[in-house]
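Quick mapping for you: the protein sequence lines, in order, are chains A and B.
Under the numbering used here, the first residue of the first sequence carries the number 87, and numbering increases by one thereafter.
Under the numbering used here, the first residue of the second sequence carries the number 15, and numbering increases by one thereafter.
Beta carbons: idealized from backbone N, C-alpha and C, even for Gly.
No experiment lies behind these values; they were computed from the predicted model shown.
Report on the structure given below.
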Amino acid sequence: MAKKPSNLIYGVDEAPCFYELIILGLEHISVMTLAFVFPVVIVQESGGNMSQAAAMVQMSMIAGGLGTILQSLKKGPIGSGYLCPQVCGPSFLSASILAGKTAGLGAVFAGTFFGAFFEALFSRVVKRLRQFFPPEVTGTVVAMVGITVIPFAMPRFLGLNETDPTIKAHDLIVAVATLSVICAATIWGKKKLRLYNIIIGMVTGYFLSYVLGLFTPEQTEKFLSAGYFALPVPVFHEWHINWGLILPFVVASLCSSLKTIGDLVTCQKINDADWNRMDMDSVSGGMLADAASAMGSGLLGGMGQSTSSSNVALSLATGATSRRIAWSVGGLLFVLAFLPKFAAIFVIMPAPVIGATLVFAVSFMIVVGLQIITSRMLDARKMLVVGISIILGLSVDMVPGVYAGVPGWIQPVFSSSLSLATISVVILNIIFRIGVASKKTLILKPDVASGQSIYEFMDTCGREWGARPEIIDRATRIVTEFFETCVVSRLTENDIQMEIAFDEFNLDMVITYDGRPLDFSAEKPTAEELLADDAAVTRLSAEIIRRTADCMSCEEKAGKAVLRFHLDH
Amino acid sequence: MDIQTRPEGRATVISASGKIDAMTAPSFESSISDLIGEGKLCLVLDLGAVEYISSAGLRVILASAKSLKGKSGKLLLANARGSVQEVLEISGFGTVFSIYDSLEAALEAAG
């Protein structure tokens, strides 16, 4: 069972009370509102009208609500068991615009469905592909998920827009005040204050925006004219199936899948103080929930759905990761689809308030990604896998238009820093694995000086394999202790061969030499024995080795000693 | 392995860094013996920068403690982290020595 980290107020299996569920659910929805801009953009680019845009937003809300609940399911083949809300996925944006412009909204919905179907298939085989998603890959994706949001967050934080790229003092005041209140509640606030940090910051931001006149007449009109109740009516379009247009959706789904893996790894990590590797059953079920949500959205006439990194970051920032919050978020999204007036409160959220909230949430996301990357030992090839991918990803935002000449069918890969970094980190990891042996051998001369090569050898192995540093430390301790004892006790006068093998779950070592084996049956020496008798140090070594290995055996065959040690990884 | 010593009130702090194993244990032992020979009988061993300690290093610590005890002195251990802390626990040093979480706590105990 996962060990709840001390920074969480409500862990994944715990249950906040009803009113806390509602407030926390609303907090998550307020962060999700930004993503509802995407369907509007798609409809506008496809030449659609406002009612089509409104319907697409409502259907996306329903699909997102359904997906969020499915995602939280713990038992059965679908669901990761975590609070990992589903929103309109930015990975689908460029593919949807391409399809919408070329063949209308029918092509967008067909593409969304078939792209998501690919993810459903992918979810069934992802367990067997685990070796392709080591921590440096998933950590890079998680960090890039955060970095990707920066171009959305900072212009809003500073009050910039396309027509006027100058910093607005009023916007900046609202953003800084909102962020300051959220940070203060998080750092110095007691439990309740920390739990509602975002809502408190947002209320401050709304109030200051009202005082400083940041609400536009259109926003005021939109809020006032919104009805209190309206049935969401899907606008069905005849599906337009064009395989040339579906391919970009498959690429978009692949990006979305990898981002989902990153988000779910983050969920696992923030919910388990002892986390050390991906739970692939949870990831597989989570990807299927992600796919089901997107397929449902395609069928209803909504936008492709994907897990929301900002919301995962929010759950960490508030210290509330209970899966019951997912039910609250899902239920509230359903309800909001019927309550335009209430939904309008979120829809008219001032840009600097959105910017401040995103800056807060994203800062957690980026650091979690870096923590995942550095949870393993890194050698030059792993650093290059991570470094090159981050550079490629950042180039999309830092050098606008640099990939403008890329063919349309592969454009989704180059359309966002996340997609490019994700594809890059996966491919480079596969390529750079060439030449990495899973088994290595070290020959040691039986003298104290040659023991120094053990440290270097173990460190190199650990970095090449991306092993956990604490496991390599334990393996080094076993070999060093054995070697020192072997030399001092003159167990052999010939070379000692050590073979070490690694996979993601096991680290096994076999030590072979001509001579008698070390006696592991003797009892641990007392302090007095250690000082009085040199042989007692050998018994202490045996005790250290015994207690350090998870499993070991020792045998002698035809004058050859064979020692086997196993460590769980 | 590197060893630095400095006086702190009545005590002498020995700050070791790197690895203390069969290769480095002899120089570690002679450094401590020299201090005891100079009449420094209240020693605080700061293990904060020690990456690894083997049974050979543990034996030096025990032998030094025994030597100090014979002269009414004492050896306190401080700041053990990660792998070093694990080895001290496995070997049962916690029952033989006073092991302190921080150097400050050890110095306070040293008087």
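(message) Assuming A/His114 is part of the alpha helix (DSSP H), what are its boundary residues?
(response) Along the first sequence, one-based indexing puts residue 114 of chain A at 28. Residues Phe104 to Met118.
(message) Check whether the segment 296-304 of chain A and the segment 467-484 of chain A touch, using three or more Cβ-Cβ pairs below 8 Å as the test.
(response) no
(request) Would you check if there are 3 or more beta carbon pairs closer than 8 Å linking the segment 477-493 of chain A to the segment 432-444 of chain A? (result) no
(request) Starting from A/Phe591, follow the beta strand (DSSP E) in both directions and report where the run begins and ends. (result) As a first step, residue 591 of chain A must be located in the first sequence, where it is residue number 505. Element bounds for A/Phe591: n/a, residue is neither H nor E.
(message) Please tell me whether, using a cut-off of 7 Å, the distance from the CB of B/Lys54 to the nearest non-hydrogen atom of the ligand COA is below it.
(response) What this structure holds is no ligand at all, so the ligand COA is not there to describe.
(request) Quick one: measure Cβ to Cβ for A/Ser503 and A/Thr234, integer angstroms, because I've assumed they're closer than 8 Å. (result) For this step, residue 503 of chain A is matched to residue 417 along the first sequence. For this step, residue 234 of chain A is matched to residue 148 along the first sequence. Between A/Thr234 and A/Ser503 the Cβ distance is about 5 Å, and since that is below 8 Å, they are a contact.
(message) DSSP three-state label for A/Tyr599, please.
(response) Position 513 of the first sequence holds residue 599 of chain A. Strand.
(request) Could you tell me which residues DSSP pairs with A/Phe651 in its beta bridges? (result) For the purposes of this step, residue 651 of chain A is taken as residue 565 along the first sequence, with counting starting at 1. A/Met595 and A/Met638, per the DSSP bridge assignment.
(request) Pull up the distance between the alpha-carbon of B/Tyr66 and that of A/Ser177, whole angstroms please. (result) Here residue 66 of chain B refers to the residue found at position 52 when the second sequence is read from its first residue. Here residue 177 of chain A refers to the residue found at position 91 when the first sequence is read from its first residue. If I take the Cα positions, the gap works out to 47 Å.
(request) May I ask you to report which of helix, strand or coil DSSP gives A/Met364? (result) Counting from 1 along the first sequence, the entry for residue 364 of chain A is found at position 278. DSSP places A/Met364 in coil when its eight states are reduced to three.
(message) I want to verify the contact list: residues of chain A whose CB lies under 8 Å from the CB of B/Asp35, in sequence order.
(response) Within the second sequence, residue 35 of chain B is the residue found at index 21, counting from 1. Correct list: Gly537, Thr566 and Glu570.
(request) With DSSP as the reference, please indicate the residues paired to B/Pro21 in a beta bridge. (result) The residue you call residue 21 of chain B lines up with position 7 of the second sequence. Note: B/Pro21 sits in a beta bridge opposite B/Thr26.
(request) Measure from the alpha carbon of A/Pro426 to the alpha carbon of each residue in A/Ala312, A/Leu340 and A/Met373, then state which is nearest. (result) Within the first sequence, the letter at position 340 stands for residue 426 of chain A. The shortest Cα separation from A/Pro426 among A/Ala312, A/Leu340 and A/Met373 belongs to A/Ala312.
(request) Indicate whether at least one CB of chain B lies closer than 8 Å to the CB of A/Leu649. (result) In the first sequence, counting from the first residue as 1, residue 649 of chain A sits at position 563. So no, A/Leu649 is outside the interface.
(message) At a CB distance below 9 Å, what residues from the segment 80-92 of chain B approach chain A? Give them in sequence order.
(response) Lys80
(message) So, at 6 Å on beta carbons, what are the nonlocal neighbours of A/Ser137 in its own chain, with the 5 sequence-adjacent residues on each side left out?
(response) Numbered from its first residue, the first sequence carries residue 137 of chain A at position 51. Cβ neighbours of A/Ser137 beyond the five flanking positions: none.
(request) Give a yes or no on contact between the segment 502-520 of chain A and the segment 48-63 of chain B, applying the rule of three or more CB pairs nearer than 8 Å. (result) no
(message) Can you look up B/Leu121 in the DSSP assignment and give me helix, strand or coil?
(response) The residue labelled residue 121 of chain B in the question sits at position 107 within the second sequence. B/Leu121 falls in the helix class under three-state DSSP.
(message) What residue range does the beta strand (DSSP E) around A/Cys170 cover?
(response) Taking the first residue of the first sequence as position 1, residue 170 of chain A is located at position 84. Premise fails: A/Cys170 is in no beta strand (DSSP E) and is neither H nor E.
(request) Using a Cβ cut-off of 7 Å, pull out every chain B residue sitting near A/Ala613, in sequence order please. (result) The count along the first sequence starts at 1 and reaches residue 613 of chain A at position 527. Chain-ordered, the chain B residues with CB closer than 7 Å to the CB of A/Ala613 read Leu76 and Val110.
(message) Tell me which residue opens and which closes the alpha helix (DSSP H) that A/Gly133 is part of.
(response) Taking the first sequence and counting its residues from 1, one reaches residue 133 of chain A at position 47. No alpha helix (DSSP H) holds A/Gly133; DSSP gives it neither H nor E.
(request) Check the DSSP bridge columns for A/Ala406 and list the partner residues they point to. (result) In the first sequence, the residue the question calls residue 406 of chain A occupies position 320. According to DSSP, which records beta bridges pairwise, A/Ala406 is partnered with A/Tyr96.
(request) Check whether the Cβ atoms of A/Ile148 and A/Ala423 sit closer than 8 Å, and answer yes or no. (result) Taking the first residue of the first sequence as 1, we reach residue 148 of chain A at position 62. Taking the first residue of the first sequence as 1, we reach residue 423 of chain A at position 337. Cβ atoms of A/Ile148 and A/Ala423: closer than 8 Å.
(request) On a CA-only basis, which of A/Pro438, A/Ser501 and A/Asp367 is nearest A/Phe335? Give me that one, please. (result) Position 249 of the first sequence, counted from the start, is the residue given in the question as residue 335 of chain A. Among A/Pro438, A/Ser501 and A/Asp367, the Cα nearest to that of A/Phe335 belongs to A/Ser501.
(message) According to DSSP, simplified to helix, strand and coil, what is B/Leu72?
(response) The residue labelled residue 72 of chain B in the question sits at position 58 within the second sequence. Residue state, collapsed to three classes: helix.
(message) I need the boundaries of the alpha helix (DSSP H) containing A/Thr460, first residue and last residue.
(response) For this step, residue 460 of chain A is matched to residue 374 along the first sequence. Neither: A/Thr460 is in no alpha helix (DSSP H) and is coded neither H nor E.
(request) For the beta strand (DSSP E) containing A/Ala193, list its first residue and its last residue. (result) In the first sequence, counting from the first residue as 1, residue 193 of chain A sits at position 107. Premise fails: A/Ala193 lies in the alpha helix (DSSP H), Leu191 to Val211, not in any beta strand (DSSP E).
(request) Please state whether DSSP places A/Glu585 in a helix, a strand or coil. (result) For the purposes of this step, residue 585 of chain A is taken as the residue at position 499 of the first sequence. Strand.
(request) Give, in chain order, every residue of the segment 62-75 of chain B whose Cβ lies closer than 9 Å to some Cβ of chain C. (result) Judged by its chain identifiers, the structure shown contains no chain C, and its protein chains are A and B.
(message) Does any residue of chain B have a CB that is nearer than 8 Å to the CB of A/Val223?
(response) One-based indexing of the first sequence puts residue 223 of chain A at position 137. No, A/Val223 lies away from the interface with chain B (no Cβ there is under 8 Å from its Cβ).
(request) Give the residues from the segment 28-53 of chain B that approach chain A closer than 8 Å (Cβ to any Cβ), ordered along the chain. (result) Lys33, Asp35, Ala36 and Met37
(request) Count the C-beta pairs between the segment 98-107 of chain B and the segment 622-641 of chain A that are closer than 8 Å, then say yes if the count reaches three, no if not. (result) yes
(request) Answer yes or no: do A/Phe219 and A/Ile356 have a C-beta to C-beta separation smaller than 8 Å? (result) For the purposes of this step, residue 219 of chain A is taken as residue 133 along the first sequence, with counting starting at 1. For the purposes of this step, residue 356 of chain A is taken as residue 270 along the first sequence, with counting starting at 1. Against a cut-off of 8 Å, the Cβ pair of A/Ile356 and A/Phe219 comes out as no contact.
(request) Check whether the Cβ of B/Ser97 lies closer than 8 Å to any Cβ atom in chain A. (result) Position 83 of the second sequence, counted from the first residue, corresponds to residue 97 of chain B. So, interface residue.
(request) Sort out for me which residues DSSP pairs A/Lys525 with in a bridge. (result) Within the first sequence, the letter at position 439 stands for residue 525 of chain A. The partner list for A/Lys525 (beta bridge, DSSP) reads A/Ala587.
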